[in-house]
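Engineer: I'd like to ask some things about the structure below.
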Ligand code: DX5
Ligand code: ZN
């Protein structure tokens, strides 16, 4: 299975977002990741509906929205309408996760559940058969540019194993602190979708160059097992 790259536009230069999206497309990005924060679930505010609509118009790539918000159910329809192809909700904010997952599926969108660094993978044991993707947070959500948390590697292995043992096709996505050093290790542990913000957009030659550097260091790595 080829590894996919999902640049997170949290680190983009918003004055020229359209050009940066085109550059990423040309460099072979697989999807665009948009971080939505509400200042409650995470201690930061970030992007919302107008940006999702703009990105939808500005790229032909699939768009995924990462909802770091307390009440995702209230906004699922709006994010679907704004142009999301995949919706990522957090396990920690969803007491009725099964219902939330069904709502996303009923909207005809792909569903992903994200897990913070501290809760165990077992929290997804009963729902994993319903999911397109599990997103393992490799930092505490809320900010770009943080350091990869080593202890999350075992969680990546665990989710990969969970999918495999049930003969499921689900993706294992990782988000936070992914760069040329940590990406190969995440892939070896079983990740097949990599979200990266600062390591792509902070490249002095631009995001296309940042993405190519990341792809370059992952080319020879194969998934664990
Ligand atoms: C963090 C966000 C990430 C963030 C990653 O809460 O979910 O998607 O943009 O940024 P980097 O790659 O800089 O860690
Ligand atoms: Zn994210």
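In the working numbering, the protein residues as written are 41 to 265.
From the three backbone atoms N, C-alpha and C, an ideal C-beta is built for every residue, glycine too.
Pick out whichever of 154, 176, 127 has its Cα sitting closest to the Cα of residue 144.
Structural biologist: Here residue 144 is taken as the residue at index 104 of the chain shown, counted from 1. Nearest C-alpha to residue 144: 127.
Engineer: Which first and last residues belong to the alpha helix (DSSP H) in which residue 195 is found?
Structural biologist: Against the chain shown, residue 195 aligns to sequence position 155. Note, residue 195: alpha helix (DSSP H), 192-205.
Engineer: Tell me, please, which residues DSSP counts as bridged to residue 236.
Structural biologist: In the chain shown, residue 236 corresponds to position 196, counting from 1. In the DSSP output, where bridge partners are listed per residue, residue 236 has 47.
Engineer: When we look at the beta-carbon of residue 97 and count the other beta-carbons within 10 Å, is it buried (16 or more) or exposed?
Structural biologist: Here the question's residue 97 lines up with position 57 in the chain shown. Result: exposed.
Engineer: What is the residue span of the alpha helix (DSSP H) that residue 268 lies within?
Structural biologist: Since the first and last residues shown for the chain are 41 and 265, residue 268 lies out of range.
Engineer: Taking residue 75 as part of the beta strand (DSSP E), name the residues at either end of that continuous run.
Structural biologist: Taking the chain shown and counting its residues from 1, the one referred to as residue 75 is at position 35. It spans 72-77 - the beta strand (DSSP E) in which residue 75 sits, taken as one unbroken run.
Engineer: Does ligand 2 have even one heavy atom less than 7 Å from the beta-carbon of residue 75?
Structural biologist: Residue numbering aside, residue 75 sits at position 35 when the chain shown is read from its first letter. Yes; taking the cut-off as 7 Å, the Cβ of residue 75 has a heavy atom of ligand 2 nearer than that.
Engineer: Consider the C-beta atom of residue 215 and the heavy atoms of ligand 2; say whether any pair is separated by less than 7 Å.
Structural biologist: Looking up residue 215 in the chain shown gives position 175. Within the cutoff, so yes.
Engineer: Can residue 199 and residue 161 be called in contact, C-beta distance under 8 Å?
Structural biologist: Within the chain shown, the letter at position 159 stands for residue 199. Within the chain shown, the letter at position 121 stands for residue 161. Yes, these two residues count as a Cβ contact at 8 Å.
Engineer: Quick one: grab the DSSP three-state call for residue 82.
Structural biologist: To locate residue 82, count along the chain shown from 1; it is residue 42. Coil, per DSSP.
Engineer: Is the distance from the Cβ of residue 169 to the Cβ of residue 233 below 8 Å?
Structural biologist: Taking the first residue of the chain shown as 1, we reach residue 169 at position 129. Taking the first residue of the chain shown as 1, we reach residue 233 at position 193. Not closer than 8 Å, so no.
Engineer: With a threshold of 7 Å (Cβ to nearest heavy atom), would residue 181 be considered close to ligand 1?
Structural biologist: In the chain shown, counting from the first residue as 1, residue 181 sits at position 141. Yes, the beta carbon of residue 181 sits closer than 7 Å to at least one heavy atom of ligand 1.
Engineer: Do the stretch 239-253 and the stretch 193-208 meet, that is, are 3 or more Cβ pairs less than 8 Å apart?
Structural biologist: No, because fewer than three Cβ pairs between the stretch 239-253 and the stretch 193-208 fall closer than 8 Å, the two stretches do not touch.
Engineer: Could you check whether residue 75 and residue 46 sit closer than 8 Å to each other, using their CB atoms as the reference points?
Structural biologist: Here residue 46 refers to the residue found at position 6 of the chain shown. Here residue 75 refers to the residue found at position 35 of the chain shown. Contact: no.
Engineer: At which residue ranges does the stretch 102-164 contain complete beta strand (DSSP E) runs of 3 or more residues, listed in the order of the chain?
Structural biologist: You should have 103-108, 126-130, 150-155.
Engineer: Taking a contact to mean a Cβ-Cβ separation below 8 Å, would you say residue 238 touches residue 51 in this structure?
Structural biologist: Position 198 of the chain shown, counting from 1, holds the residue named residue 238. Position 11 of the chain shown, counting from 1, holds the residue named residue 51. Taking 8 Å as the Cβ cut-off, residue 238 and residue 51 qualify as a contacting pair.
Engineer: Can you tell me where the alpha helix (DSSP H) holding residue 222 begins and where it ends?
Structural biologist: Locating residue 222 in the chain shown gives position 182, counting from the first residue. 222-229 is the span of the alpha helix (DSSP H), which, as asked, contains residue 222.
Engineer: What did DSSP end up calling residue 179 once you bin it into helix, strand or coil?
Structural biologist: Working through the chain shown from its first residue, we reach residue 179 at position 139. Three-state DSSP puts residue 179 in coil, outside helix and strand.
Engineer: To the nearest angstrom, how far is it from the Cα of residue 59 to the Cα of residue 252?
Structural biologist: Within the chain shown, numbered from 1, the residue matching residue 59 stands at position 19. Within the chain shown, numbered from 1, the residue matching residue 252 stands at position 212. About 16 Å.
Engineer: What are the boundary residues of the beta strand (DSSP E) that includes residue 211?
Structural biologist: Mapped onto the chain shown, residue 211 falls at position 171. Segment 211-215, the beta strand (DSSP E) holding residue 211.
Engineer: Indicate the three-state DSSP secondary structure (helix, strand or coil) for residue 173 in the structure shown.
Structural biologist: Taking the chain shown and counting its residues from 1, one reaches residue 173 at position 133. It is a strand residue.
Engineer: Would you kindly work out how many angstroms separate the C-alpha atoms of residue 180 and residue 215, rounded to a whole number?
Structural biologist: What you label residue 180 is simply residue 140 of the chain shown in a count that begins at 1. What you label residue 215 is simply residue 175 of the chain shown in a count that begins at 1. The alpha-carbon atoms of residue 180 and residue 215 are separated by roughly 10 Å.
Engineer: Please work out which residues of its chain come closer than 8 Å, Cβ to Cβ, to residue 164, disregarding the five sequence neighbours upstream and downstream, and give them in chain order.
Structural biologist: As a first step, residue 164 is located in the chain shown; it is residue number 124 there, counting from the start. The residues are 131, 153, 155, 171, 174, 199, 202.
Engineer: For residue 137 and residue 250, I'd like the C-alpha separation in whole angstroms.
Structural biologist: Taking the first residue of the chain shown as 1, we reach residue 137 at position 97. Taking the first residue of the chain shown as 1, we reach residue 250 at position 210. Cα-Cα distance, rounded: 36 Å.
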